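Add 1 to a position in the sequence shown, counting from 1, and you land on the number used in the working numbering. Heads up, the beta-carbon is just placed ideally off N, CA and C, and yes, glycines get one too. Owing to the predicted nature of the structure, the values given are computational and were not obtained by experimental measurement. One structure is given here, and the rest of the page talks about it.
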Amino acid sequence: VDFDSNNEISLSSPVTNTSQNLIAYSEQFTSWTNTSGESSSLATELTDPFGGTNSYLIKSTGSTASSGVMSEAVAGMTAGKNYTLSCYFKYGTSDDVRFGLYDYGGSVWSNVDIVWSASGVPSTSASANVNNITYTPTGSNGWYRVSFSFTCNSSGDKKVHIDADRDATNQTVYAFGAQLEETQYEST
Numbered sequence: 002v003d004f005d006s007n008n009e010i011s012l013s014s015p016v017t018n019t020s021q022n023l024i025a026y027s028e029q030f031t032s033w034t035n036t037s038g039e040s041s042s043l044a045t046e047l048t049d050p051f052g053g054t055n056s057y058l059i060k061s062t063g064s065t066a067s068s069g070v071m072s073e074a075v076a077g078m079t080a081g082k083n084y085t086l087s088c089y090f091k092y093g094t095s096d097d098v099r100f101g102l103y104d105y106g107g108s109v110w111s112n113v114d115i116v117w118s119a120s121g122v123p124s125t126s127a128s129a130n131v132n133n134i135t136y137t138p139t140g141s142n143g144w145y146r147v148s149f150s151f152t153c154n155s156s157g158d159k160k161v162h163i164d165a166d167r168d169a170t171n172q173t174v175y176a177f178g179a180q181l182e183e184t185q186y187e188s189t
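This is the structure in structure tokens:
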């Protein structure tokens, strides 16, 4: 990899079309803000999608469908550009989870509502302002990479949300490795 005088990958580098995760603490959900009585804890008893012990149990303890955890404000997004948001999820006890980005500047959700079958397979019950929703099985222990693309609506504050229980019944979901990147190529 070749770097230029600004310590950035130079145009002559063989590494091209790279992206950067725009989410701070993308693998440390206890650093995200708890909303409406939500909690998150390191789930060391459960292996993450890649065999480690870095997954988190996110539990809804609130009485609203919007109780969840949310990231710090996401910097570096530009109105009109396309982005891909993804995270690994595993069925806990909740059968209805919301995952998305809320644009506080434009008061707009870009999200998918994930419903889980009794056997732990996710599908979409609803979505808003997104496309290319995918559920990719990862590993052999029930993890799925959930991803979707969307167009940024404004230059205002934005935060990634995981609402563990849209039914407001104190349920859980496991999460690992959230990522938000500008879509410079087709997301895989």
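message: Quick check: the Cα distance between V113 and S42, rounded to an integer number of angstroms?
response: Straight across, the Cα-Cα distance linking V113 with S42 is about 23 Å.
key: Within 9 Å, strictly: CB atoms of F100 and D166   = Their beta carbons are not under 9 Å apart, which means F100 does not touch D166 by this criterion.
message = I need the DSSP call for G143, collapsed to helix, strand or coil.
response = Coil at G143, not helix or strand.
For K82, list the residues DSSP reports as bridge partners. None; K82 has no bridge partner.
query: Taking buried to mean at least 16 other C-beta atoms within 10 Å of its own C-beta, is F177 buried or exposed?
result: Under this definition F177 is a buried residue.
>> Let's see if you can read the secondary structure: which residues bound the beta strand (DSSP E) around R99?
In response: Per DSSP, R99 belongs to the beta strand (DSSP E) from D97 to D104.
Do K91 and G121 have their CB atoms nearer than 9 Å?
Less than 9 Å separates the beta-carbon of K91 from that of G121.
Could you tell me the boundaries of the beta strand (DSSP E) in which S178 lies? The sequence shown places Gly at residue 178, not Ser. Per DSSP, G178 belongs to the beta strand (DSSP E) from T173 to E183.
Kindly confirm or deny that the segment 26-36 and the segment 124-143 touch, where touching means at least three C-beta pairs closer than 8 Å. In short, these stretches do not touch, since the Cβ pair count stays below three.
Return the CA-CA distance between P138 and S128, expressed in angstroms with no decimal places. Taking the Cα positions, P138 is about 20 Å away from S128.
task = Under 6 Å Cβ to Cβ from T152, same chain only, skipping five residues before and after it: list those, please.
result = Within its own chain, the residues whose Cβ lies closer than 6 Å to the Cβ of T152, once the five positions on either side in sequence are excluded, are N83, listed in chain order.
Original post:
Along the chain, where does the beta strand (DSSP E) that runs through W110 open and close?
Top reply: Unbroken beta strand (DSSP E) run through W110: V109 to W117.
**Study point:** One or two residues paired with F49 in a DSSP bridge
**Key:** The question names Phe, but residue 49 in the sequence shown is Asp. For D49, no pairing in a beta bridge is given by DSSP.
List the endpoints of the continuous beta strand (DSSP E) containing L58. Membership of L58 in the beta strand (DSSP E) is indicated by the continuous run Y57 to K60.
Next on the checklist: For F149, list the residues DSSP reports as bridge partners.
Outcome noted: The partner list for F149 (beta bridge, DSSP) reads L86.
Practice item. Could you tell me which of S108, G106, D96 and T135 sits nearest to V116, measuring between CA atoms? Key: Selected option, being the one with the closest Cα: D96.
Rounded separation between F51 and H162 - CA only: Near 23 Å, if we compare the C-alpha coordinates of H162 and F51.
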